[in-house]
Amino acid sequence: EISRRLKVSRNTVRAIIKHGGAMPDTVRDDKINIDSELLSRLYTDCSGFIQRIYEKLREEEGISVGYSTETNFFPGRKFEDMEDLNRQAIEWATVRIANRPVSRTVLIPARAFEHEQAYLTGLPPYIPPPYLTHRRGNDQYGYVSFDGNFYWVPDGAGNEVSVLQYSNSLKIYHKRILLVEYPLPPDGVKNRSFSPQGVPRPGHQPKNRKHPTAQEEKKLRAAAVVCQEADRLNSNSR
């Protein structure tokens, strides 16, 4: 949508997002240009494996390309959860790497960006952050399922809604009217039901919510032990 409104390519939109909401008026002259036929040949020779293409570009063609996330950030990295990993990645990308000189040009990206800011044009404030749209139907109790969790929509039972997925939140619309907004739960949270703060919780659970089986499994194991003990006592009494 941003690409269509601004009449620019999707790569330009990605660059705008990467540079904090601004885009260059001119093309940088230090960008690496790789022949498309060379890339096509390497892609065929390497069966599409990006790591091998990267190695061949460096070793055989003498072209140093950016592939630092997989080769520098991930190896040996320790983290508690995805949120912790994202925090480390942001610090690594915006502090450590941004202030490290680039080997080919000896430019420091953070300082280069400070110089480029004078030539950047900010995005209009009416353009929303990037999002994905999902069509969902409410169950009879007003819950919308998304990514393994359930979100209650007040007065939304039986309606078909649009779920807008942002980087850290969800917005649920019906006929272009915002009904409710939720923060996204931490990575790994599943089978949970959520309701808006300050609103009385609904009296029912989602229709398709999976019921925990831990207690049932515990009872079945206990029953199996009792049966085995009863069989042993019966065999001894004989």
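Position one of the sequence shown corresponds to residue 561 (the numbering used here), numbered consecutively onward.
No residue lacks a Cβ here, since even glycine has one placed at the ideal position from N, Cα and C.
Just so it is clear, the structure is predicted and the values come from calculations on it, not from any experiment.
Going by Cα to Cα distance, which pick from the options is closest to residue i?
| i | options | result |
| --- | --- | --- |
| Y711 | T681, F754, I737 | F754 |
| R696 | K731, L780, A790, A649 | K731 |
| T654 | R664, M642, I668 | I668 |
| P756 | E640, D715, L617, I657 | D715 |
| P688 | R601, Q725, R761, C606 | Q725 |
| Y691 | V704, L738, S727 | S727 |
| R574 | S729, Q788, L683 | L683 |
| S729 | G718, R736, I737, P746 | P746 |
In terms of residue numbering, what span does the beta strand (DSSP E) encompassing residue i cover?
| i | result |
| --- | --- |
| T681 | 680-682 |
| Y686 | From DSSP, Y686 is part of no beta strand (DSSP E); its letter is neither H nor E. |
| S722 | 720-725 |
| S607 | It is not in any beta strand (DSSP E) - S607 carries neither H nor E in the DSSP assignment. |
| Y703 | 703-706 |
If you reduce the DSSP assignment to three classes, tell me which class residue i lands in.
| i | result |
| --- | --- |
| T693 | strand |
| P743 | strand |
| H675 | helix |
| D590 | For D590, the pLDDT reaches just 48, beneath the cut-off of 50, and the residue's location in the model is therefore unreliable, although a value from the coordinates is still provided. Here D590 sits in coil by DSSP. |
| N659 | helix |
| K731 | strand |
| E621 | coil |
| L738 | strand |
| N796 | helix |
| Q788 | helix |
| L667 | coil |
Could you tell me which residues DSSP pairs with residue i in its beta bridges?
| i | result |
| --- | --- |
| S600 | S600 pairs with nothing; no bridge assigned. |
| K616 | Answer by DSSP bridge pairing: none, since K616 is not bridged. |
| F754 | Y711 |
Assuming contact is defined by CB atoms lying nearer than 8 Å, are residue i and residue j in contact in what I supplied?
| i | j | result |
| --- | --- | --- |
| K750 | N709 | yes |
| Y701 | P766 | yes |
| V740 | V713 | yes |
| A670 | A658 | yes |
Hey, quick one: how far does the alpha helix (DSSP H) through residue i stretch, first residue to last?
| i | result |
| --- | --- |
| N646 | 642-651 |
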